[in-house]
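Under the numbering used here, think of the first position of the sequence shown as 19, with each following residue one higher.
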Amino acid sequence: MRYLTYDVGQGPRLGALRGDSIIDIGQLMGNGPTSLLELIQAGPDRWKAVAERFAQVKDSDLNIANLVLPYDEKIVLAPIPRPLKNVLCLGRNYYKHFLEGAVARGEDEKPPEAPIYFTKATTSVTGPFSQIELDETVTKKLDWEVELGLIIGVGGRKISKETALDHVFGYTVINDLSARDLQFKHLQWYKGKSLDGSCPMGPVVVTPDELPTPLHIPLRLRVNGVTKQDANTGQMMFDIATQISDISVALTLEPGDIISTGTPDGVGAFANPPEFLKPGDIMETEVEGIGVMRNEIVAAPQA
Ligand code: MG
């Protein structure tokens, strides 16, 4: 399944893609779910029922009003527009990204022995095709980070590495936009990682059955058509199963929790010379097999 959240002016709705069409899942099932979070929280039996019903949709059903509408980037929101908790993120989880940072900081090139975690505020989440306001009175160093995002489906505590992937509902694309001046000024990364609009997510959540195992897939980011990041999720130092297992030792993971699994090398801060986003720039953030987000940077209106 390729789930998405869309809005045609009557509030967010849950859909799933079939070719170029969006099938409304609430209509398809008769009485909801109307949000991805509601579906995830309903549990695996409900996911299976939705997938089975979805598979029964015939071409002749595709002209039923309210059930089907054409895919249009303008109506697509983040799959979970307001998560229940902060987005949990991995820092320095690809060796070459760790190394580009270590070299720039003049630090030891020995990679971290344990995953680095931080979070992004729920209010940072924005749509996969939304404009992103850049307020240059707040940051002059806004940077990009393509990442594979995962959504927890089945919660748990002390999840073993062997069963960790059974807890995943699906995967999405995240751009962990980072205000580098704030990130490093405040020591804790939370503020610099949490600017409004700094977490574009989407365009879809793809269930694991539609993606390869192991999940070694290309991820890329382009700015104005120029490739800045180009790597493969198989290059993570702490893989997805390790992340889920390691964090759940300490805290309970719940359905709908979002983990952003880290970015590869090629961020602007460590380019020579450093490069940051400016109004008019267009970022394309891609994870192969999931999709491409396109976000334009615009100047924030000044009061
Ligand atoms: Mg990141």
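For each residue, glycine too, the CB sits at the ideal point set by N, CA and C.
Give me the Cα-Cα distance between residue i and residue j, rounded to the nearest whole angstrom.
i, j, result
"L57", "P292", "43 Å"
"A176", "I262", "The residue asked about is misnamed: residue 176 is Lys in this sequence, not Ala. The alpha-carbon atoms of K176 and I262 are separated by roughly 9 Å."
"Y135", "P99", "22 Å"
"P133", "V121", "19 Å"
"P30", "A60", "18 Å"
"Q74", "G307", "23 Å"
"N331", "S148", "As shown, the chain starts at 19 and ends at 321. That puts residue 331 outside it, with no answer to give."
"L213", "G167", "18 Å"
"M311", "E302", "5 Å"
"F202", "V172", "35 Å"
"E151", "P97", "20 Å"
"L271", "N49", "28 Å"
"D299", "D63", "44 Å"
"V94", "Q247", "25 Å"
"R71", "P51", "13 Å"
"L200", "V156", "8 Å"
"I265", "A83", "44 Å"
"I43", "P273", "19 Å"
"P282", "Y21", "26 Å"
"L32", "I170", "17 Å"
"A197", "N242", "19 Å"
"F256", "Y112", "8 Å"
"E118", "L106", "23 Å"
"D25", "E165", "25 Å"
"K179", "V68", "28 Å"
"I315", "G215", "10 Å"
"T260", "D194", "20 Å"
"G174", "S278", "18 Å"
"K114", "G280", "12 Å"
"G326", "R123", "Residue 326 falls outside the range modelled here, since the chain spans only 19 to 321, and no answer is possible."
"V191", "L237", "9 Å"
With respect to 7 Å, is the separation between the Cβ of residue i and the closest non-hydrogen atom of the ligand MG below this value?
i, result
"C217", "no"
"T281", "yes"
"S178", "no"
"E304", "no"
"G109", "yes"
"D194", "yes"
"S278", "yes"
"E118", "no"
"E165", "yes"
When DSSP builds the beta bridges, which residues end up paired with residue i?
i, result
"M311", "T303"
"N193", "V164"
"R123", "None, per the DSSP bridge assignment."
"S278", "C107 and G167"
"T23", "L32 and L95"
"I40", "L35 and L87"
"G174", "L271"
"Y113", "None, per the DSSP bridge assignment."
"A182", "None, per the DSSP bridge assignment."
"G188", "I169"
"V316", "E151"
Please confirm whether any heavy atom of the ligand FMN lies closer than 7 Å to the CB of residue i.
i, result
"E228", "No copy of the ligand FMN appears in this structure; the ligands present are the ligand MG."
Please specify which runs of the beta strand (DSSP E), each continuous and at least 3 residues long, are wholly inside the region 198-258, giving them in chain order. 217-224, 236-241 and 244-250
Quick check: the region 179-188 against the region 196-212, are at least 3 beta-carbon pairs closer than 8 Å? no
To test your reading of the DSSP string, which unbroken beta strand (DSSP E) runs of 3 or more residues are found completely within the region 129-156? 134-138 and 150-152
How do the region 158-169 and the region 283-291 stand: do at least 3 beta-carbon pairs fall below 8 Å, yes or no? yes
Can you find at least 3 beta carbon pairs, one from the region 245-254 and one from the region 215-225, that sit closer than 8 Å? no
Counting beta carbon pairs with one atom in the region 135-145 and one in the region 101-114, are three or more of them shorter than 8 Å? yes
Which ranges does the alpha helix (DSSP H) cover as unbroken runs of at least 4 residues, wholly within the region 61-101, from first to last along the chain? 62-73
Touching by the beta-carbon criterion (3+ pairs, under 8 Å), the region 114-128 and the region 77-91: no
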